[in-house]
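S.K.: As you go down the protein sequences, you meet chains S, U, B and E in turn. Just so we're aligned, residue 1 is where the first sequence starts under the working numbering, counting upward by one. Just so we're aligned, residue 382 is where the second sequence starts under the working numbering, counting upward by one. Just so we're aligned, residue 763 is where the third sequence starts under the working numbering, counting upward by one. Just so we're aligned, residue 1144 is where the fourth sequence starts under the working numbering, counting upward by one. Supplied in C-alpha cells, the structure appears directly below.
4 protein chains.
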Amino acid sequence: MKEPVEPKGGRLQYAMVGGGRGSFIGPVHRAAIRMDDLADLVAGCFSRDAAANAQTGAELGIESVRLYLDWQQLIAAEKGRIDFLAVCTPNDSHYPIAKAALEAGINVMCEKPLAISAAEAWELERLAKRKRLLLGVPFTYSGYPMVKLARDLVKRGELGKICKVVMEYQQGSFRKIDFSKPLDKRNAWKMDPRRSGPSCVVADIGVHGAHLIEYVTGLEIKSLAADLSSFAPGNKLDDDASILMRLSKGAKAVMVTSKIATGEENGIRVRVYGDKASLVWKVEEGNYLHVKEAFGPERIYKRNAPYIAGLSAVSKRCSRIPAGHHEGFIEAFANHYREFCAALRGAKGCDFPQARDGRRTIQFVDAALESSRSNAKWVRV
Amino acid sequence: MKEPVEPKGGRLQYAMVGGGRGSFIGPVHRAAIRMDDLADLVAGCFSRDAAANAQTGAELGIESVRLYLDWQQLIAAEKGRIDFLAVCTPNDSHYPIAKAALEAGINVMCEKPLAISAAEAWELERLAKRKRLLLGVPFTYSGYPMVKLARDLVKRGELGKICKVVMEYQQGSFRKIDFSKPLDKRNAWKMDPRRSGPSCVVADIGVHGAHLIEYVTGLEIKSLAADLSSFAPGNKLDDDASILMRLSKGAKAVMVTSKIATGEENGIRVRVYGDKASLVWKVEEGNYLHVKEAFGPERIYKRNAPYIAGLSAVSKRCSRIPAGHHEGFIEAFANHYREFCAALRGAKGCDFPQARDGRRTIQFVDAALESSRSNAKWVRV
Amino acid sequence: MKEPVEPKGGRLQYAMVGGGRGSFIGPVHRAAIRMDDLADLVAGCFSRDAAANAQTGAELGIESVRLYLDWQQLIAAEKGRIDFLAVCTPNDSHYPIAKAALEAGINVMCEKPLAISAAEAWELERLAKRKRLLLGVPFTYSGYPMVKLARDLVKRGELGKICKVVMEYQQGSFRKIDFSKPLDKRNAWKMDPRRSGPSCVVADIGVHGAHLIEYVTGLEIKSLAADLSSFAPGNKLDDDASILMRLSKGAKAVMVTSKIATGEENGIRVRVYGDKASLVWKVEEGNYLHVKEAFGPERIYKRNAPYIAGLSAVSKRCSRIPAGHHEGFIEAFANHYREFCAALRGAKGCDFPQARDGRRTIQFVDAALESSRSNAKWVRV
Amino acid sequence: MKEPVEPKGGRLQYAMVGGGRGSFIGPVHRAAIRMDDLADLVAGCFSRDAAANAQTGAELGIESVRLYLDWQQLIAAEKGRIDFLAVCTPNDSHYPIAKAALEAGINVMCEKPLAISAAEAWELERLAKRKRLLLGVPFTYSGYPMVKLARDLVKRGELGKICKVVMEYQQGSFRKIDFSKPLDKRNAWKMDPRRSGPSCVVADIGVHGAHLIEYVTGLEIKSLAADLSSFAPGNKLDDDASILMRLSKGAKAVMVTSKIATGEENGIRVRVYGDKASLVWKVEEGNYLHVKEAFGPERIYKRNAPYIAGLSAVSKRCSRIPAGHHEGFIEAFANHYREFCAALRGAKGCDFPQARDGRRTIQFVDAALESSRSNAKWVRV
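Here's what the structure looks like:
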C-alpha cells in the first residue's frame, strides 16, 4: 500500500463548517483526509445548536476555543491559521460560506452543488481565481481510479470519436421514507426549496452525472432537453429526471437520474460509445472498467493491475492497494483530498474537481430546470 | 421437458415468403416451429432468384411444384391449402404480402415492422379482424418466460404504481461493417430507405423496445420526444436514438437504442420502477429476473423455478426445461409460434403479439420520426 | 441462422427406448434432433406400461405397429430399418439395450452413464468398434460452443502448461424433495441402487465433470481420492462428493459435485489454470468464456463473435445464431446429434462424445466408489 | 457515516515492528487505524536498515528517539508507554516478537500466521491468557460486514444444518514473477522456508480460508486430507493446495487455494450449504451476500441495507457508510482494529480474531503439511 510522505513544511490544518451529528458527508470528508494522514482538523462550526456543536467538537478532539457557533466567527477567527476550510452544510449556504472564506484568503473544499445558481458559481470561480486560492468541489466519482482510467483511455483515442454517452444515477432513497411521519433532517432539507434550492434530484445527484460526462469524455454539454418529475408524495422539487443532451463535437448523451427508483442504492453507470470502442463503468463494481470493441473480446481492466500501461501519473497515484483488494467510496473521496492537498503544497497537474467543474454542473442544473419548465425544449448550457 | 401434444386434427402446414440463403430470421422461424414440432413447411417463395429459390426448397424438402418465384403466385396457389403463411422478407414488402394473404383467407405470422406506416398497419389490423384471421408479429422478446413473469408481476401489483421505465436496445452491428467495401445484402437493405422505410434503428429494433414497454407495464406510450442521429458513414437513416416518453397513468419512460453502440451485441435491458418495487430484465441473462424493493434484499427469480407461484398459465407453459438448463432466443421465438398455433386450433387466451402490437410500434416509429424532424418536440403516439 | 442441408440420400430415421411421459431427457433428445431437422422418429418403446406407451406414441405420431412394449421386440423388428436408436431409460438398462442394438447392427446414442460398471462399458466400446458402429454418449456440456472454444484454446497452447483444474457440478435437486411423501418416479430410481447402480451423484452428474475435465484439457484423470457422502434423508447412495485428482502431465484437479447443494440449479463451473493463462466457463453464463492472464485485462469471449479466429471447424459449425442471441441447453445437445448424424453419413472429424468417453467416466465412477470406501485413499482410474 | 467517539481516557498509542518501505501490510495497519482515528503511532522499528528505518520514521512523524533498530530495544523501551504493538514482519519473527511483547505486558495485534508451528501458537495463546492481554490476529476477511452477516445467518439457523462448505482462495501472484531475475523482497521471503516457515500458500492465504470456515459456520475443522503442490519454478514450498475436510457435526468441506492460479487477483469465495439454504460470499463483490433456498428466489443482501434485521450488534457497527457506497479492504481491516481497540478500553463482546483463531489456523497448516507428506492421508487438526 502506498502512503503519502509526511510533508516537509509541517502538517496541514483545516477547519470544517457543518458535518455534525447525523451528517453523512462531514464524516466522509474527515475519514478521507485521515486515509492518507493529510491534515489535522483544528477548528469547526459543526452545528448551530451549541450542545451538538460542543459534543461533536469534543468527540473530534477540537479545542473548545476553536469551536464556533456560526461560520462567520470561524472565518474571522481562523483566517490565517488554517490551510483550508471544508464546507459540508446544506446547499443554500455553500455560496455565502465559500465566498466569505475566499475573501478571507482561505482555500476551500466545498460540497456540491457549489451554489444555488450559475451566477453565484461564476462569482466564486472568479473570486478564487483572483485570490489565487484553491476552490475544490469533491465530486466523488471522478476520484475513482477506474474513472480516471476511463478518462485516460478516451484521451488516448482508444475509443475513437465519441458518439454517445449513456449516464445513469439511480437512487431509491425517497422510497425508503415513510411519508406519513415527519421527514428526518436530511430528507427534510433535500425536499425544501429554501435549503436545497430550486432542484432536488438534478442538483443533488444529477450534477455528479454531468460532471462525469464532461470529465470522462473531455467534451462539453452544449444543450439539453429535460423532462423532470416529482413522484414522491408531497415533493415539490424534481425527484426524477430524463435528459437528452448534445455535446461538443457532435456527440449526444442521455441521462436518467432519480430518487424514486425503488430498490436502487446508488446506481451510477457510465457508458461511453466511440466509433472504435466503448466503455462501461459502474460504481457498484467500481474496481473494474469494461472496454468493448467491434472485433475483439470484451476486456475487464482491474484497478491497479500491473498491465495498465501508459496512464497519466495521477491515475497511478490514486490507487493504494493491489488489484483484488478493493477500494471504495472513501478511497475515491480521499483521492480528491490527496490531489487538493498536493496542490496546496504547490504541486502541478493535480487532478481534482475545481470551481469550474462546480460551475459547469450548476449551469447544467439551471438549464435542466428551464427546459423542463418549457416542456423539455432545448436549452443551451 | 414439456412437449406439445400431436394435434387431433392432423398436423398444421405452412408456407414461407423470404427466408432463403443468407437470411437470419427465416431459419429462426423454421427452427422455432420445429422446436415444438408444430407444423410442416410445405410451400415457399424463398428468393426471387430461381436458382437460389430452388436450392433452398430442395434443402428444406419442399416439393418443387410448391416452390414459387413470386409471393403472388404462392398466395394464389396455396390459398386454402395452408394453415398459415410466415412472412420473412425485408420491411417494404410486409404490408403487401400480409394484405394479400389475409385477403386470400390465410392466417399470417409477419416479421416486424408490420408495415412501413401506421396507416398500413391499421389497415392490416382491421382486415385481419374483419376476416377473423390471425395476424401475428413475432416480437421475440415478449416470448421470453421471464418477460412474461415481469408482465405478471406488474399485473399483480407487486411493483405498485409504475412511475418510470428505462428501456435499452443497444447494438454495435454497424460498427462491424467495413464501409470502404460494398455492403453485404442484409446491411444494404437496412440502410436503404426504399427497402427499410423511413427509419432504420427505430423501425428495426426500437420497435422491440416499444413493444416491451407496453407489454410489460400494460401502459400505453402516449407521446414522445425523440432525438435521432445518423453516425455510421454514409447512412441516411437513423442509427441511434434517444427518446423521452410519457405513458398512460402518469408514468414516464426513456429509451436508448442504437446500431452504432460499439461492442454491444444485442443489449436489451428493461427496467421498470414502481412505487413498491422495481424489476430488471436483461436478455443477456434472460433466464433471470431481478426484483428490488426498498426494504428487502434483491431477489433473483429463475426461469421455471418451482417457487414461482400465482403466474398466468401462459407464463408456465412457455418454459420447456427446468431452471438451470438455459433456454435462449429460439425457445422464446418458439413460444410465440406455440401460442399462435394453439390459437389457430381454437385455444383461448393465447399470448403472442398480434396486429395491434405491430400497429402500436409503427405509430411509435412514425411519432419518433416526426418528433426528431422537429428537434425533439413532443408528438402524440 | 445456419441450417443443415437436407441430405442427399434421404432422411435419417430413428427409434427411441424410454423417454415417455414424465421423462426429462427423452423429449430433450427429440427436440435436439428436430432443432436441425436431422432425423424422423419412426418407432419407439417409450414405456413398459401399454397405455402410456400408446399415448406417447400417438402424441409423437408413431404408427402403432412400430410401437413396442419391450425393447427386445423393438430391436428385433426395427433391425435394418432405422439409422440409429436413442436410449433414454434409467441407468441399469443402458448396457443391455446398447449391447443388443449394437449386436443387431444398429448405431446407438445412449444416455449416460453408458453402463453400471467399467467392465460393461469396455465391452460396449469394443463391440461398437468391432461392428464399426457409432456409439454416442451425449454429455451435453461438451456440446456448448464455448466449451469447444475452451478446448481449442488449450489445444493451441494459449493457456500454456495446464497445472490445475477446478470442476464443479452443484445441484440442489434433493433439497426440493418432500421426504415425508413417496418419491416421484424420477427421484425414486435415482436413489434406488437397483436402477441407478452403486452411485448416485457421481454417476449422474459427476460423470459430466469428469468428461469436461478430459475434453477441455486433453489430459487424462490418472488417479483420484474421493470423499462421498449421503446427506439426503434415507438416501443410501452418494449425494455429495469431493474428489482430488491427479491428471496426466503432472496436472492436478478438484471436483465438487452434489445433489444437496441447496439453491443451486445446475451449477457447472469449469476453471482451468495454465502457466500462461486461465479460463472460466459457467453453464449459467454459457454463451461466454472468460480468459485471464497475469499481465493483461480479463477477456470475455462471446459465442459466435466474429473475432474468434483460428478455431477448429467444429467449433464454428456448432453455433447457429449470432452473438447476443443466446443459445442454451437444447442447442448444445443438438450439436452432439448434428455431429453424430454427420458421422452416420460418413463425415470425418465429427466431434461428439463416444463410447470411449462413456467408458472413461465410468472408470471414474468406479474409482470414486472404491476410494471412498477406503476413506479417500488414492485409486487409479 | 458513523465515526467512533473520541475516548474519554485520552487517545490510544501504539508502536509497530516491520511495515517499512515496500511493505504491503504495514501501511494497511496504519490506514486501518486512522480510518476511525483510533490510535496514534508513536514508536516503531520499521526496518533493520538504519537509513530505511529513519526514513519511514520521518515520513510517519515518529520522534527519532522512539525509532529502534531492533524489536528487542523497542519492547524494552516502550514497555508501559504504549497501548499495543502491531507486528507486521515476515512469518518467522511473529512468534518471538509477540512472545516478548506479551511478556513485557504489551497487548499485540500480530499478522498471520501467528507462528510457524502450532506449538508456538499454543504457547502465545496461553501466555496472553495468563497475562490477561489481548492478542489479535487480523484475518482481514472476517472483518467484512457481509461475512459477519453470513455468520449471523448461520447462527440464527437460517441455513439449517450445515452440510458442506466450499472455500476458495485463489491468487495468481506467482505468475507475475519473472523467475529469470532475482525475486523481489516480498516474494523472496514468501518462498524461503527460513523466513516463511515450512508452508507457503497454506500458511499465507490458506489460513484465511480455514479461519473463514470456522468463523462463518461456527464448526471446527476436525480432520483433513491435503494434496499440496509446488508449480512455480524453483519453489520449494507449496504454492497450490486442494484440501478435503471433515468438520464437526458431520459437515464436510473442500478448500482450493493457490498462488499459481494465473489471472486470479484475490479470489476468495465462500459457499456454505445447509439443508435449508445456502450462502455465497465473494470478496470481489464483498458488499453483497447471496442466499439461496430450494423454494424461493435467490436473495442478494446489501451491506448496511435497512432491511437487515435481527443481526448482532457487531454486524451493525462494522459498517460506516450507506448501502450503495462501497466499503473495501481497508474498512474490513479497520473493523478488526475498531473491535480490538474497543476491547482494549474494556468493551465486552468485541468481535475480532484472537490467539485462538491464530492457533487454530496453524494447526490447520501443520495438519495439511503432514497429510500431504503422507500422500493426502487423513490427519486430525
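Even for Gly, the Cβ is constructed at its ideal location relative to N, Cα and C.
Suppose contacts are defined by Cβ-Cβ distances below 8 angstroms. Is residue 67(S) in contact with residue 289(S) by that definition?
M.R.: no
S.K.: Beta carbons nearer than 8 angstroms to chain U: which residues of the region 222 to 236 of chain S have them?
M.R.: 225, 227, 229, 231
S.K.: Between which residues of its own chain and residue 839(B) is the CB-CB distance below 8 angstroms, once the five residues before and five after are set aside?
M.R.: Once the five neighbours on either side are set aside, the close Cβ partners of residue 839(B) are 805, 828, 830.
S.K.: Quick one: residues in its chain with C-beta nearer than 8 angstroms to the C-beta of residue 1126(B), no 5 flanking neighbours on either side, listed in chain order?
M.R.: 964, 968, 969, 972, 983, 986, 1143
S.K.: Could you list which residues in chain U have their beta carbon closer than 9 angstroms to that of residue 780(B), in chain order?
M.R.: Against chain U, the beta carbon of residue 780(B) has no neighbour under 9 angstroms; the closest one sits roughly 13 angstroms away.
S.K.: Can you tell me which of 1377(E), 1303(E), 1369(E) puts its alpha carbon nearest to the alpha carbon of residue 1326(E)?
M.R.: 1377(E)
S.K.: Just to confirm, is the Cβ distance from residue 1362(E) to residue 1305(E) under 8 angstroms?
M.R.: yes
S.K.: Counting only runs that start and end within the region 1366 to 1453 of chain E, where is the beta strand (DSSP E) found for 3 or more residues in a row?
M.R.: 1383 to 1390, 1395 to 1401, 1410 to 1417, 1420 to 1425, 1431 to 1436, 1441 to 1445
S.K.: Go ahead and label residue 1414(E) buried or exposed: buried means 16 or more other beta carbons lie within 10 angstroms of its beta carbon, across all protein chains shown.
M.R.: Residue 1414(E) is classed as buried because its beta carbon has at least 16 other beta carbons within 10 Å across all chains shown.
S.K.: Counting only beta-carbon separations shorter than 8 angstroms, does residue 1419(E) have a partner in chain B?
M.R.: yes
S.K.: Taking all protein chains shown into account, decide if residue 1382(E) is buried (16 or more other Cβ within 10 angstroms of its Cβ) or exposed.
M.R.: buried
S.K.: Since residue 1015(B) and residue 1406(E) are thought to touch, with beta carbons under 8 angstroms apart, how far apart are those beta carbons, to the nearest angstrom?
M.R.: Contact doesn't hold; Cβ gap of about 18 angstroms is too wide.
S.K.: Quick one: what's residue 846(B) bridged to in DSSP?
M.R.: 776(B), 869(B)
S.K.: What are the uninterrupted segments assigned as alpha helix (DSSP H) that are 4 or more residues long and contained completely in the region 173 to 223 of chain S, given in chain order?
M.R.: 185 to 190, 193 to 196, 207 to 217
S.K.: Can you give the beta carbon distance from residue 1502(E) to residue 1243(E), rounded, assuming they're within the 8 angstroms contact cut?
M.R.: Not confirmed; about 18 angstroms, so no contact.
S.K.: What residues match up with residue 931(B) in a beta bridge as DSSP calls it?
M.R.: 1019(B), 1030(B)
S.K.: Give, in chain order, every residue of the region 1083 to 1114 of chain B whose Cβ lies closer than 8 angstroms to some Cβ of chain U.
M.R.: 1083, 1084, 1085, 1086, 1087, 1088, 1089, 1090, 1091, 1092, 1093
S.K.: Please report the distance separating the alpha-carbon of residue 1500(E) from that of residue 1280(E).
M.R.: When rounded, the separation of the alpha-carbon atoms in residue 1500(E) and residue 1280(E) is 7 angstroms.
S.K.: Taking residue 1275(E) as the reference, which of 1518(E), 1497(E), 1512(E) has the closest Cα?
M.R.: Among 1518(E), 1497(E), 1512(E), the Cα nearest to that of residue 1275(E) belongs to 1497(E).
S.K.: So which residues of chain E does residue 688(U) contact, with C-beta pairs closer than 9 angstroms?
M.R.: Residues of chain E passing the Cβ test: 1436, 1437, 1438, 1439, 1440.
S.K.: Using only CA atoms, which one of 595(U), 711(U), 572(U) lies nearest to residue 536(U)?
M.R.: When only C-alpha atoms are compared, the closest one is 595(U).
S.K.: To the nearest angstrom, report how far apart residue 6(S) and residue 1203(E) are at their CA atoms.
M.R.: Legend: pLDDT at residue 6(S) = 48, less than 50; position of this residue unreliable, value from coordinates given subsequently. Distance between the alpha carbons of residue 6(S) and residue 1203(E): 6 angstroms.
S.K.: Which bits of chain E does residue 91(S) rub up against, with CB to CB less than 7 angstroms?
M.R.: Simply none; closest approach about 19 angstroms.
S.K.: In chain B, which residues lie less than 7 angstroms from residue 663(U) when you measure between Cβ atoms?
M.R.: Per Cβ cutoff of 7 angstroms: no residues; residue 663(U) is ~11 angstroms from chain B at best.
S.K.: Return the CA-CA distance between residue 868(B) and residue 699(U), expressed in angstroms with no decimal places.
M.R.: 36 angstroms
S.K.: Determine which residues share a DSSP beta bridge with residue 545(U) and list them.
M.R.: 633(U), 654(U)
S.K.: Chain E partners of residue 654(U), CB-CB under 8 angstroms?
M.R.: Chain E residues near residue 654(U): none, gap ~16 angstroms exceeds 8 angstroms.
S.K.: Going by DSSP in three states, residue 426(U) sits in which element: helix, strand or coil?
M.R.: strand
S.K.: Residue 301(S) versus chain B: which residues are under 7 angstroms apart at the beta carbon?
M.R.: Contacts between residue 301(S) and chain B, judged by CB atoms closer than 7 angstroms, involve 1059 in chain order.
S.K.: Would residue 551(U) be called buried (16 or more neighbouring beta carbons within 10 Å of its own) or exposed?
M.R.: buried
S.K.: Taking the alpha-carbon positions, what's the residue 1268(E) to residue 1251(E) distance?
M.R.: 11 angstroms
S.K.: Roughly how many whole angstroms lie between the Cα atoms of residue 406(U) and residue 687(U)?
M.R.: 33 angstroms
S.K.: Say yes only if the C-beta of residue 529(U) is nearer than 7 angstroms to one or more non-hydrogen atoms of the ligand COA, and no if none qualify.
M.R.: The ligand COA is not part of the structure shown, which contains no ligands of any sort.
S.K.: DSSP on residue 357(S), reduced to helix/strand/coil?
M.R.: Residue state, collapsed to three classes: helix.
S.K.: Quick check: what's the CA-CA separation for residue 763(U) versus residue 435(U)?
M.R.: Residue coverage of chain U in this structure runs from 382 to 762, which leaves residue 763(U) outside it and unanswerable.
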